[in-house]
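Accompanying notes for the structure given below.
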Amino acid sequence: MALTIHALSVGRVFDLGKPSFLYLRGWAERIDVPNIMFVITGGESPIVVDTGGDPDRSRDVHRLRMERDPQEHPAEAARSVGVDPRDVRWVVNTHLHWDHSSNNHLFPNAQVVVQRVELEFARRPVTWHQRNFEALPGMTPSWEDEATRFRVVDGETELAPGVTLVPLPGHTPGSQGVLVETAGATYLLAGDCVYLYENWEGDETWRHIPAGIYTDLEEYQRSFDRIDALDCEVVPSHDWRVIDRGVFE
Ligand SMILES: [Zn+2]
32 MALTIHALSV GRVFDLGKPS FLYLRGWAER IDVPNIMFVI TGGESPIVVD TGGDPDRSRD
92 VHRLRMERDP QEHPAEAARS VGVDPRDVRW VVNTHLHWDH SSNNHLFPNA QVVVQRVELE
152 FARRPVTWHQ RNFEALPGMT PSWEDEATRF RVVDGETELA PGVTLVPLPG HTPGSQGVLV
212 ETAGATYLLA GDCVYLYENW EGDETWRHIP AGIYTDLEEY QRSFDRIDAL DCEVVPSHDW
272 RVIDRGVFE
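If you want our numbering, it's the 1-based position in the sequence shown plus 31.
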């Protein structure tokens with residue numbers, strides 16, 4: 032059976048500064064963005080890519096307003112596309128920022144697939160990323176609750192037939208994309224390497240535009256070069272147009 036990617040909203044975060052998403056652009060703009068969870072069906076077992084944030088932690092730790100309707104609860108969202116959370120064998124975290132990794136525990140039989148360099152960095156991040164990883168004094172990050180179920184990978188890895196993990200460092204050291212071959216196309220779930228279509232489409236000055244939150248711009252540039260070479264359709268991590276489309280096949 033051919034693979035299908037479902038893009039599901041698992042919450043919405045409000046009133047964010049545009050330059051966080053688009054490097055040195057949109058100084059006066061504030062935007063609202065979805066947390067997107069992807070569910071890949073049609074393979075041997077469903078695969079989940081990113082699990083979104085937690086509304087309480089969003090308010091208490093990240094000082095951001097997040098709303099999540101009952102149908103946006105990640106377990107419910109999975110069920111809405113015919114997937115029982117207990118049947119999910121792999122949860123891929125594109126990276127370990129809170130808004131991508133806070134609900135891994137809802138998939139109790141899954142291994143959580145993360146790049147080794149990401150896990151190492153997330154446990155000892157630079158100061159300016161500590162809150163994004165919830166790596167604050169006295170706090171256990173949501174993603175660390177599931178530490179015993181990590182499947183740690185190094186570099187490019189075929190996870191299942193038609194599903195390949197591609198390192199895309201820059202936003203964080205161990206950011207990874209998920210390359211998915213469906214019947215109709217090859218898609219790259221790019222994680223926060225590409226927050227918005229605007230990042231990938233660029234403008235009159237820059238072919239592609241990195242996020243305003245990053246750890247290494249040289250790595251970032253190489254990751255964009257890598258994506259260019261993949262000859263695939265790029266799917267951003269926080270763009271409403273991805274939710275509106277919903278299905279990639
Ligand atoms: Zn991020």
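Backbone N, C-alpha and C fix where the C-beta goes; we use that ideal spot for every residue, glycine too.
As the structure is a computational prediction, the values presented were derived from the model and not from experiment.
When the Cβ atoms of the region 80-96 are set against those of the region 126-136, are three or more pairs found closer than 8 Å? yes
Ligand 1: which residues have Cβ under 7 Å from any of its heavy atoms, chain order? His126, His128, Asp130, His131, Asn163, His202, Thr203, Asp223, Ile244
Helix, strand or coil at leucine 137 [DSSP, three-state]: Along the sequence shown, one-based indexing puts residue 137 at 106. Of the three classes helix, strand and coil, the one that applies to leucine 137 here is helix, per DSSP.
Do the CB positions of valine 26 and arginine 117 come within less than 8 Å of each other? The structure shown does not extend to residue 26, since the chain spans only 32 to 280, so no value can be given for it.
Determine the extent of the alpha helix (DSSP H) in which isoleucine 244 is found, giving its start and end residues. For the purposes of this step, residue 244 is taken as residue 213 along the sequence shown, with counting starting at 1. Note, isoleucine 244: premise wrong, no alpha helix (DSSP H); not H, not E.
To the nearest angstrom, how far is it from the Cα of glycine 73 to the Cα of alanine 38? For the purposes of this step, residue 73 is taken as the residue at position 42 of the sequence shown. For the purposes of this step, residue 38 is taken as the residue at position 7 of the sequence shown. When rounded, the distance between both Cα atoms is 15 Å.
8 Å Cβ cutoff met for serine 40 and isoleucine 67: Start at 1 with the first residue of the sequence shown, and residue 40 comes out as number 9. Start at 1 with the first residue of the sequence shown, and residue 67 comes out as number 36. Contact flag set, yes.
Straight-line Cα distance separating proline 50 from tryptophan 121: The residue given as residue 121 occupies position 90 in the sequence shown. The residue given as residue 50 occupies position 19 in the sequence shown. If you take the alpha carbons of tryptophan 121 and proline 50, they lie about 33 Å apart.
Can you give me the C-alpha to C-alpha distance between phenylalanine 279 and histidine 239, rounded to a whole angstrom? Position 248 of the sequence shown holds residue 279. Position 208 of the sequence shown holds residue 239. Each residue's CA atom was taken as its position, placing phenylalanine 279 and histidine 239 some 23 Å apart.
Work out the CA separation of proline 77 and histidine 269 for me, nearest whole Å. Your numbering for residue 269 matches position 238 in the sequence shown. Your numbering for residue 77 matches position 46 in the sequence shown. Their Cα atoms are separated by approximately 22 Å.
Where aspartate 223 and alanine 242 are concerned, what is the direct C-alpha to C-alpha distance, given to the nearest angstrom? Looking up residue 223 in the sequence shown gives position 192. Looking up residue 242 in the sequence shown gives position 211. For aspartate 223 and alanine 242, the gap between their C-alpha atoms comes out near 7 Å.
Thinking glutamine 146 and glycine 205 are a contact (beta carbons under 8 Å), I'd like their distance in whole angstroms, please. Against the sequence shown, residue 146 aligns to sequence position 115. Against the sequence shown, residue 205 aligns to sequence position 174. At roughly 4 Å, the Cβ-Cβ gap stays under 8 Å, so glutamine 146 and glycine 205 are in contact.
Taking 8 Å as the cut-off, decide whether the C-beta atoms of glycine 201 and leucine 248 are in contact. Translated into the one-based positions of the sequence shown, residue 201 becomes position 170. Translated into the one-based positions of the sequence shown, residue 248 becomes position 217. Judged by beta-carbon spacing, leucine 248 lies within the 8 Å limit of glycine 201, meaning their Cβ atoms are closer than that value.
Nearest by alpha-carbon distance to serine 173: which of Glu232, Val114, Asn124, Leu261 is it? The residue labelled residue 173 in the question sits at position 142 within the sequence shown. Among Glu232, Val114, Asn124, Leu261, the Cα nearest to that of serine 173 belongs to Asn124.
Unbroken alpha helix (DSSP H) runs of length 4 or more, entirely within the region 82-116: which are they? 86-91, 105-111, all fully within the region 82-116.
What did DSSP end up calling glycine 222 once you bin it into helix, strand or coil? As a first step, residue 222 is located in the sequence shown; it is residue number 191 there, counting from the start. Looking at glycine 222 - three-state DSSP - the assignment turns out to be helix.
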